[in-house]
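A short worksheet on the structure shown next.
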Amino acid sequence: MASCDLKLSTDTFGLISKKLLECVTDGKVWRITIREWREKRSISQNSLSHMWYKEMSDVFIKKNPKYTPEKVKDMMKNTFLGWEEKEYINAITKEITIKSELRHTSDLDVGEMKFYLDQVYDWALDLGISLTIPENSEYMELQRKQNK
134 MASCDLKLST DTFGLISKKL LECVTDGKVW RITIREWREK RSISQNSLSH MWYKEMSDVF
194 IKKNPKYTPE KVKDMMKNTF LGWEEKEYIN AITKEITIKS ELRHTSDLDV GEMKFYLDQV
254 YDWALDLGIS LTIPENSEYM ELQRKQNK
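Note that the sequence shown covers residues 134 to 281 in my numbering.
In structure tokens form, the structure reads like this:
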């Protein structure tokens with residue numbers, strides 16, 4: 134077991150205890166971090182971010198054809214999420230290489246993704262780009278809750 138994401142509750146405690154026992158019986162030492170459970174970013178949030186990358190690309194591409202939605206996505210992630218080190222192992226030589234890669238939104242929880250989307254939205258607005266926020270989107274619902 135290289136890494137796993139477990140939801141600890143009274144219902145899952147027994148299963149997690151068994152998993153932990155399996156881990157320690159192989160002689161390896163493990164690091165355990167426990168933090169409050171938060172749901173991962175939602176499909177709705179992900180869809181909205183991709184809609185926004187396309188909307189920004191449509192504006193930027195008029196001046197520079199390099200600004201595809203994928204390039205805009207990378208630009209936003211570079212600006213607002215940053216980079217992380219990732220370890221790669223060569224299957225033949227077993228050589229370990231550490232490379233930087235952009236953080237993934239799939240690693241964010243709902244709150245972190247909301248913060249990221251807020252930053253993207255505000256940045257675009259500062260440039261005069263009004264991004265679409267669908268009335269029935271999860272983002273709009275979170276905005277309403279935040280403004281109460």
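Backbone N, C-alpha and C define an ideal beta-carbon position, used for all residues, glycine too. None of the values given here were measured: they were computed from a predicted structure.
Where residue i falls: helix, strand or coil (DSSP)
i	result
Trp-163	coil
Glu-172	coil
Thr-226	coil
Asp-138	coil
Glu-188	helix
His-183	helix
Thr-177	According to the sequence displayed, residue 177 carries Ser and not Thr. Residue state, collapsed to three classes: helix.
Run of the beta strand (DSSP E) containing residue i, from where it starts to where it stops
i	result
Thr-158	Element bounds for Thr-158: not the beta strand (DSSP E) but the alpha helix (DSSP H), 146-158.
CA nearest to the CA of residue i, picked from the options
i	options	result
Asp-242	Asn-179, Leu-141 and Gly-160	Asn-179
Leu-235	Lys-281, Arg-174 and Trp-216	Trp-216
Lys-207	Ile-222, Leu-181 and Thr-238	Reading the sequence as shown, one finds Asp at residue 207 and not Lys. Residue Thr-238 is the option with its Cα nearest to Asp-207.
Thr-166	Leu-154, Leu-141 and Leu-181	Leu-141
Glu-169	Lys-196, Gly-244 and Cys-156	Gly-244
Thr-212	Thr-143, Tyr-254 and Val-192	Tyr-254
Residue i - partner residues in DSSP beta bridges
i	result
Trp-219	The question names Trp, but residue 219 in the sequence shown is Lys. Looking at the DSSP assignment, Lys-219 forms a beta bridge with Lys-232.
Start-to-end residues for the alpha helix (DSSP H) that takes in residue i
i	result
Tyr-254	243-259
Ser-274	This sequence places Glu at residue 274; Ser is not what is there. Per DSSP, Glu-274 belongs to the alpha helix (DSSP H) from 271-280.
Lys-204	202-213
Counting Cβ pairs, one atom from each stretch, are 3 or more of them under 8 Å apart for the segment 251-271 and the segment 201-208?
-> Touching, no, given that fewer than three Cβ pairs across the two stretches are closer than 8 Å.
Cβ contact check for the segment 175-190 and the segment 250-257: 3 or more pairs under 8 Å = Yes: the two stretches touch, three or more of their Cβ pairs being nearer than 8 Å.
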